[in-house]
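J.:
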Amino acid sequence: MPKDPKILWNAKDHPEIGSGYGIMGKHLLPRLADKYGKKNILIFAPVFNNQRIEYWNGMKVLPGPRQDFSDDIACRYYADYDCTMLLQVGDFLGLKALPEAAAKDEVVWVQWAPWDYWYLPPPSKALMRYPVMIVPFTAYGEQKFRDLGLENVHEKVWIGLDLDIWKPIPRAELAKTMKKLRFEEDAWNILIVQANQQRKYLQETIHGIGAFAEHNPDVKLRIFLHTNVDGREANLAVDISYMGLIDTTQVMDQFLIITGGVSEEDMVEMFNCADVVMDVCYEGFGLSMTQAQAVGVPVIGLLEGPMQELVSYGIACPPTHVDHTIDFGRPVAGADSIATGLQSLYTDGARKVDHRILSEDFNWDKIAEEWFDVIKEVHEMREKFTLYIPEPSEELKKKARTYIEVAAS
Amino acid sequence: MKIVWLQDLDPMTHPGGAQFNDREKIISGIRRGHDIDIMLPPGDDNRFDKVDATIISNSTAFSTDIFKAIQEAGPYIYFIHDYSPLCKVRLYYPQQEKCRSCYRREPWLPVLEGAALRIWLSQLHKDAWMHAMPELSGMPYMLNPSTIDLTQFWDMENERSGTIAVDSGMGFKGRPLFFEWAKAHPGEKITLVGPIEQQGQAEVPDNINVLRTVHYSKMNELYNQHVTFLHIPENPMPFDRTIVEALLAGCKVVTNENVGAMSWPEIASGDRKAIIALMEGANGEFWDGVEGVLS
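Protein sequences appear in the order of chains A and B. Everything in the first sequence is counted per the working numbering, starting at 603 for the first residue and increasing by one. Everything in the second sequence is counted per the working numbering, starting at 244 for the first residue and increasing by one.
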């Protein structure tokens, strides 16, 4: 492979942002920099970016502060900085400039991609042929991409966890956090960490908890909602009130949600305080599920999607219908399905598996090694199939002009 | 000995220098009492542990599974004709600095190292390989020249004029330099045997007359019509049989330091008797070397 691969990382969020995409950059990029050199890793993460070049852990962060994919800007940076590979992270159906550039072989495009579509219109399937490689977030996604007949699908590479911090902490050491969350030792403490977006179906989750609470009036419930309560699509306060959960629900300080003032270490403590984590929607990955597993907390998730591959300790709720009002559709677990899942976990428990077994495969060092293999494979593939024939060395050219005459005798 | 001989193309029927060379070696081996089984692609990975040895000749069309089976089965000889598997552009090996860290080293060096014997066509050919795989330099090897049909080429003592070139219109045989030489010698009439690879808009110099294809049996006659044989490649040629053909046909040869045949003193001398002796001894020496490492 080329001695100096030069990789342009393009995720929406800066590595310092606590979102899934931010966390992916935060942990993978330094490992890529160690392997290939800091000057060979460029970061273009347009959301909330400043209009100047900055440096993060020695890597150049390129400006371009629009709040969309900004793939046209990414393509320009790719060319200007003479990159050898663009690693685009996330959903790629909104991209326009990048597929065009890839079709003209101007960009070597690798997509680390979630699968969270229920159906795809044909133009979207056509778009997926343009990356030289799609690296799915999950084995579930990998199968779905392959089922489309795509030949550029790599084996999945999971999103990792920082296992130095994501591990069980004895509850006795977390009194302050318990108090902050309004969790109690004798309560069943439910944690929900999700953005308030339609595709997360938080309203259904709240209604499901409400149904469980109604059926189990003697169960002391405590709920912590780490989300923006009044989102673009729904004001969850209405649902919380309607389901009679006002007194049992605490929400994260909304200022911290907006400004990103919650560190990963804070999140680890929050997860450790919970008795159950809920993530009941059709996820492209579901980072809160693996985070819960790492600290030994069971998960209530959706049966359809990657839950079965990522979660060994929890209950899966079957979907009850498909929401066709959302782009590409989503299977949804209605309130009854969620309430049944909660009931099942509360009453019967779930088989507990040693968290260390669950977590090893999410080690960021292991994930990084998988990415090194992908990068090597992509570069070798390009080298292998390029039609470019290199020039002979200068030494050979010099020898070529040293003529020798031999007469037959 | 029972031997499997790996070749991309059937050497007993296909034309081409490598195929002819292999054919001569195989026939010579059979005459020495060896039982030689030619294996063509895709190959059969169950064969190798049923024979005494494998000889890997031109083998670009075989899978890595076949190579793995060969390595696991037993002794094998690597009979190298060009720059495969060292270089993706096997005929255009650029011998650049970056070749020393080519990705192909990692999968293929162990295969080359594991051979009981490595056979190159000339010292230049071997030196070019050592540029990217110096690890092979201390290992058992043999240099064996590519053989030609000695009955086909001789001096007909004709009237001669002009210059002849063979395949110099191909990039890997030095087309740019060939055109440059032709332009620098505008009064010289040049016959080019073989096609011209048209890259870009380079014009063919007016003093080049192109004969796209000439039957091999007619080549001696054509050599004998010309004074000079011109061959000036920019990439390192493992051997280049046309040099030997032209000398035996009585041509003066104008070439350069990128031609493997010229690293054989017998050929560089132009002495046809020495050249013939070298060619006649090549097959026997090949099998002496192979039998020597396998016994």
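Each residue gets a CB set at the ideal place from its N, CA and C atoms; glycine is no exception. Please read all numbers here as calculations on a predicted model, not as lab measurements.
#1: Who pairs with Val737/A in a beta bridge, going by DSSP?
#2: Decide if Ile860/A is buried, meaning its Cβ has at least 16 other Cβ atoms within 10 Å, or exposed.
#3: Check whether the Cβ of Trp372/B lies closer than 7 Å to any heavy atom of the ligand HEM, and answer yes or no.
#4: Return the chain-ordered list of same chain residues with a C-beta closer than 8 Å to the C-beta of Met522/B, the five sequence neighbours on each side being excluded.
#5: Count the other CB atoms, across all protein chains shown, that sit within 10 Å of the CB of Pro607/A; report buried if there are 16 or more and exposed otherwise.
#6: Is it buried or exposed for Phe529/B, if we count other Cβ within 10 angstroms and need 16 for buried?
#7: Tell me, which residues are paired with Ala261/B by DSSP?
#8: Could you tell me the alpha carbon to alpha carbon distance between Val453/B and Phe396/B, rounded to whole angstroms?
#9: I'd like the span of the alpha helix (DSSP H) that includes Ile842/A, first residue to last.
#10: Determine the direct distance from the alpha carbon of Phe291/B to that of Thr256/B, and round the result to whole angstroms.
#11: Answer yes or no: do Ser365/B and Ser512/B have a C-beta to C-beta separation smaller than 8 Å?
#12: Looking at the strands, I want to know which residues DSSP matches up with Asn452/B.
#13: For Met282/B, tell me which candidate among Glu423/B, Leu249/B and Arg266/B has the shortest Cα-Cα distance.
#14: Under the DSSP definition of a beta bridge, which residues are partnered with Thr922/A?
#15: Rounded to a whole number of angstroms, what is the C-alpha to C-alpha distance between Lys432/B and Ala520/B?
#16: Cutting at 6 Å between CB atoms, please list the residues of its own chain near Leu634/A, excluding the five before and the five after it.
#17: What is the DSSP secondary structure of His817/A, reduced to helix, strand or coil?
#18: Helix, strand or coil: which one does DSSP assign to Lys782/A?
#19: According to the Cβ coordinates, are Met872/A and Thr779/A closer than 8 Å?
#20: Counting only C-beta atoms, is Tyr346/B closer than 8 Å to chain A at any point?
#21: Below 8 Å on C-beta distance, what does Arg515/B contact in chain A?
#22: In this structure, does DSSP put Phe539/B in helix, strand or coil?
#23: Using the beta-carbon count (16 or more within 10 Å), is His817/A buried or exposed?
#24: Restricting to Cα atoms, I'd like to know which of His458/B, Thr471/B and Glu500/B is closest to Pro258/B.
#25: With the cut-off set at 8 Å, would you say Tyr803/A and Val879/A are in Cβ contact?
#26: Does the separation of the CB atoms of Gly559/B and Val470/B fall below 8 Å?
#27: How would you list, in chain order, the residues of chain B whose beta-carbon sits under 9 Å from the beta-carbon of Pro772/A?
#28: With a cut-off of 8 Å, do at least 3 Cβ pairs link the segment 792–803 of chain A to the segment 909–924 of chain A?
#29: Using a Cβ-Cβ cut-off of 7 Å (strictly less than) and excluding sequence neighbours within five positions of Val409/B, which residues of its own chain qualify?
#30: Candidates Glu906/A, Val712/A, Ile645/A and Ile991/A: which alpha carbon is nearest Pro933/A's?
#31: If we define contact as Cβ-Cβ less than 8 Å, is Glu509/B a contact residue for chain A?
#32: In three-state DSSP terms, what is Asp673/A?
#33: Could you tell me which residues DSSP puts in a beta bridge with Trp790/A?
#34: Could you check where the beta strand (DSSP E) with Glu656/A kicks off and where it finishes?
#35: With 8 Å as the threshold, decide whether the Cβ of Pro994/A is near any Cβ in chain B.
#36: Would you tell me roughly how many angstroms separate the C-alpha atoms of Ser411/B and Phe421/B, rounded to the nearest one?
T.: From the atom records:
#1: According to DSSP, which records beta bridges pairwise, Val737/A is partnered with Trp714/A.
#2: exposed
#3: With respect to the ligand HEM, the structure shown offers nothing to examine, as it has no ligands at all.
#4: Pro388, Thr390, Ile391, Leu393 and Val487
#5: buried
#6: buried
#7: DSSP, once it has assigned bridges, lists no residue as partnering Ala261/B.
#8: 22 Å
#9: Leu838 to Tyr844
#10: The alpha-carbon atoms of Thr256/B and Phe291/B are separated by roughly 24 Å.
#11: No, these two residues do not count as a Cβ contact at 8 Å.
#12: Thr434/B
#13: Leu249/B
#14: Its beta-bridge partners do not exist; DSSP assigns none.
#15: 33 Å
#16: Ile643
#17: helix
#18: Shown here, Lys782/A sits in a helix according to DSSP, grouped into three states.
#19: Going by beta carbons, Met872/A and Thr779/A fall inside the 8 Å limit.
#20: yes
#21: Going along chain A in sequence order, the residues near Arg515/B (Cβ under 8 Å) are Ala1010 and Ser1011.
#22: Residue 539/B lies beyond the residue range present for chain B, which begins at 244 and ends at 538; the question has no answer from this structure.
#23: exposed
#24: Distances from the alpha-carbon of Pro258/B to those of His458/B, Thr471/B and Glu500/B put His458/B closest.
#25: no
#26: The first residue shown for chain B is 244 and the last is 538, placing residue 559/B beyond what the model contains.
#27: What Pro772/A touches in chain B: nothing, since even the nearest Cβ is about 48 Å away.
#28: Counting Cβ pairs under 8 Å, fewer than three are found: no touch.
#29: Val436, Gly437 and Thr485
#30: Glu906/A
#31: no
#32: helix
#33: Leu823/A
#34: Glu656 to Trp658
#35: yes
#36: 6 Å
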